[in-house]
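Residue numbers (the working numbering): 12 to 270.
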């Protein structure tokens, strides 16, 4: 092999390496929020729980190290923790079986389909794109209406008797009113969150450009759904973000710009 060929090969490798690094840095703003959220709400709690598993702690004083004492209790049929542990373990398994396909497998298959075929005559038509956004927006609006009107009505009615019978109505009507206000504020926030995907579906998907602000908003909505334990909201906004990001890539490729 000539010196010229070797030099060209090294230059090609150097160019490919630089492109890979640029691609990684380009993707970093999109994947970094996920890892930050996963570290805060996933890794840190898991490590802390593993530490607490070997301690005795009433959440007031300092934890006391007891070794394997907690593990011995869950296998003792006479212990209170025996039935509690196995019941909670069963509930956790049900949650995993339902949540993993919804939050990982389905979005992954959608992302692969978008990457392979794109949005231009590919896996998702323009009608399907709008349907995803409309469905997520409508879901939030409906949930907001239920929260504002149905829950507030329940708290104004039979909740008084239920809470009082269990000794939970300490401050009388004021405590119930505060709960009503919180529910209504939460409902209005969810409604405001859900209106934006509907507007994007009706107007934004027709535009020749894609707004990074909209991408950031959809990502923030996904985080909000995660923090409020709204599993369907997390899935829905993940799909919205995937559709909108894929549309951004399709527009850039059509314009002859790098994706």
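Here a beta-carbon is modelled for each residue, glycine too, at the ideal position from N, C-alpha and C. Being a predicted model, the structure only gives us computed values, none of them experimental.
Once you ignore the five residues that flank residue i on each side, which residues in its own chain have a CB closer than 7 Å to its CB?
i           : result
residue 154 : 201
residue 46  : none
residue 228 : 207
residue 51  : none
residue 107 : none
Identify, in the order they occur along the chain, each residue of the same chain with its Cβ nearer than 8 Å to the Cβ of residue i, setting aside the five sequence neighbours on each side.
i          : result
residue 87 : 93
Starting from residue i and walking both ways along the alpha helix (DSSP H), at which residues does that stretch end?
i           : result
residue 271 : The question about residue 271 has no answer, for the chain in this structure spans 12 to 270.
residue 53  : Counting along the chain, residue 53 falls outside any alpha helix (DSSP H), and DSSP gives it neither H nor E.
residue 72  : Segment: none, residue 72 is in no alpha helix (DSSP H) and carries neither H nor E.
residue 116 : Per DSSP, residue 116 belongs to no alpha helix (DSSP H) and is neither H nor E.
residue 85  : 80-85
Can you tell me the Cβ-Cβ gap for residue i and residue j, rounded? I've got them flagged as a contact below 8 Å.
i           : j           : result
residue 77  : residue 96  : The pair is not a contact, with the Cβ atoms about 16 Å apart (cut-off 8 Å).
residue 205 : residue 148 : 5 Å
residue 56  : residue 67  : Not really, about 19 Å apart at Cβ, beyond 8 Å.
What number of angstroms, rounded off, separates the C-alpha of residue i from the C-alpha of residue j?
i           : j           : result
residue 110 : residue 60  : 21 Å
residue 131 : residue 152 : Low per-residue confidence applies at residue 131: pLDDT is 48, beneath 50, and the placement is therefore not dependable enough to give any value.
residue 90  : residue 83  : 9 Å
residue 157 : residue 196 : 13 Å
residue 129 : residue 210 : Residue placement at residue 129 is poorly supported in this model, since its pLDDT is 49, which falls under 50; the coordinates still yield a value, given next. Rounded to the nearest angstrom, the two C-alpha atoms are 23 Å apart.
residue 102 : residue 69  : 24 Å
residue 85  : residue 54  : 24 Å
residue 120 : residue 253 : 11 Å
residue 49  : residue 62  : 19 Å
residue 99  : residue 58  : 19 Å
residue 321 : residue 251 : Residue 321 lies beyond the residue range present for the chain, which begins at 12 and ends at 270; the question has no answer from this structure.
Heavy atom of the ligand MN less than 7 Å from the Cβ of residue i, yes or no?
i           : result
residue 105 : Of ligands this structure carries none, so the ligand MN is not represented either.
Let me check understanding here. Comparing Cα to Cα, which of the options lies closest to residue i?
i           : options         : result
residue 198 : 58, 150 and 146 : 150
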